[in-house]
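Numbering (our numbering), first residue to last: 270 to 470. C-beta: ideal position from N, C-alpha, C; glycine also. Keep in mind that this is a model prediction, so the values were computed, not measured. A short worksheet on the structure shown next.
The following block contains the structure:
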């Protein structure tokens with residue numbers, strides 16, 4: 270995959286669809302992934318930790334946002350866990366968006382899942398919960414810009430839960446978010462990952 274990154278708009282690597290199993294205590298899904306997207310061949314360990322350990326979604330989470338949806342594991346699990354929720358899945362990667370839309374249709378959630386490029390999100394969108402394994406490898410400044418773009422969409426009583434590898438700067442990111450006016454706490458630390466809880470400014 271030399272020269273291709275999961276955060277490219279249009280991955281140049283040849284398509285090779287594959288099935289990926291998601292097995293959680295409350296949700297079991299078989300979704301389709303592909304080369305050229307994040308963690309193409311398996312459920313990423315950080316994503317799995319987020320899905321297992323983040324505070325449970327409830328019916329109050331009427332609008333959920335997945336930043337950097339990839340092939341859609343967070344989006345599809347959230348849609349399955351809260352059958353009435355509207356889920357917005359965003360990614361710059363066109364192949365990732367295509368996969369997430371197809372996977373949402375596979376689980377019968379296509380009418381509630383909106384898979385879009387970042388610039389296609391309504392400016393007035395208000396979300397109750399953000400769940401994300403953000404694309405750390407885009408670089409610090411790009412990551413900061415990304416978070417400052419989406420965190421303002423949180424409702425006043427909304428909350429974001431992010432999973433970040435400790436050695437890729439989870440603790441410094443938490444400090445930076447707090448400095449930007451988004452109170453951030455570390456909820457969990459396991460297997461080299463942190464789950465950060467971010468409150469609106």
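{"Item": "Strand pairing of residue 335, partner residues [DSSP]", "Value": "358, 400"}
{"Item": "For residue 306 and residue 442, the rounded distance between their alpha carbons", "Value": "24 Å"}
{"Item": "Candidates 321, 328, 365, 463: closest to residue 282 by CA position", "Value": "365"}
{"Item": "Own chain, CB closer than 7 Å to residue 460, minus 5 neighbours either side, in chain order", "Value": "314, 318"}
{"Item": "DSSP three-state assignment for residue 389, whether helix, strand or coil", "Value": "helix"}
{"Item": "Beta-carbon proximity list for residue 332, same chain, < 6 Å, skipping 5 on both sides", "Value": "355, 396, 397"}
{"Item": "Residue range of the alpha helix (DSSP H) that includes residue 413", "Value": "409 to 419"}
{"Item": "Cross-strand partners of residue 291 (DSSP beta bridge)", "Value": "298"}
{"Item": "Residue 374 versus residue 291: straight-line alpha-carbon distance, rounded", "Value": "16 Å"}
{"Item": "Boundaries (first-last residue) of the beta strand (DSSP E) holding residue 424", "Value": "423 to 434"}
{"Item": "Distance between residue 325 and residue 353 (C-alpha atoms, nearest Å)", "Value": "15 Å"}
{"Item": "Close-in-space but distant-in-sequence residues of the same chain around residue 351 (CB under 6 Å, 5 per side omitted)", "Value": "326, 330"}
{"Item": "Residue 467 - containing beta strand (DSSP E), residue span", "Value": "462 to 467"}
{"Item": "Per-residue burial, residue 436 [other beta carbons within 10 Å of its own, 16 or more giving buried]", "Value": "exposed"}
{"Item": "Where residue 282 falls: helix, strand or coil (DSSP)", "Value": "coil"}
{"Item": "Three CB pairs or more closer than 8 Å across the region 386 to 396 and the region 418 to 435", "Value": "yes"}
{"Item": "Alpha helix (DSSP H) segment containing residue 317, residue limits", "Value": "314 to 322"}
{"Item": "Cβ separation of residue 368 and residue 341, assumed to be a contact under 8 Å, to the nearest whole Å", "Value": "6 Å"}
{"Item": "Local conformation of residue 306 per DSSP, three classes", "Value": "coil"}
{"Item": "Best match in 407, 380, 357 for proximity to residue 387 [C-alpha to C-alpha]", "Value": "357"}
{"Item": "Chain-order list of residues whose beta-carbon lies under 6 Å from that of residue 304 (same chain, five-residue window excluded)", "Value": "282, 285"}
{"Item": "Proximal residues to residue 382 (C-beta, below 7 Å), its chain only, five neighbours per side dropped", "Value": "344, 348, 356, 358, 373"}
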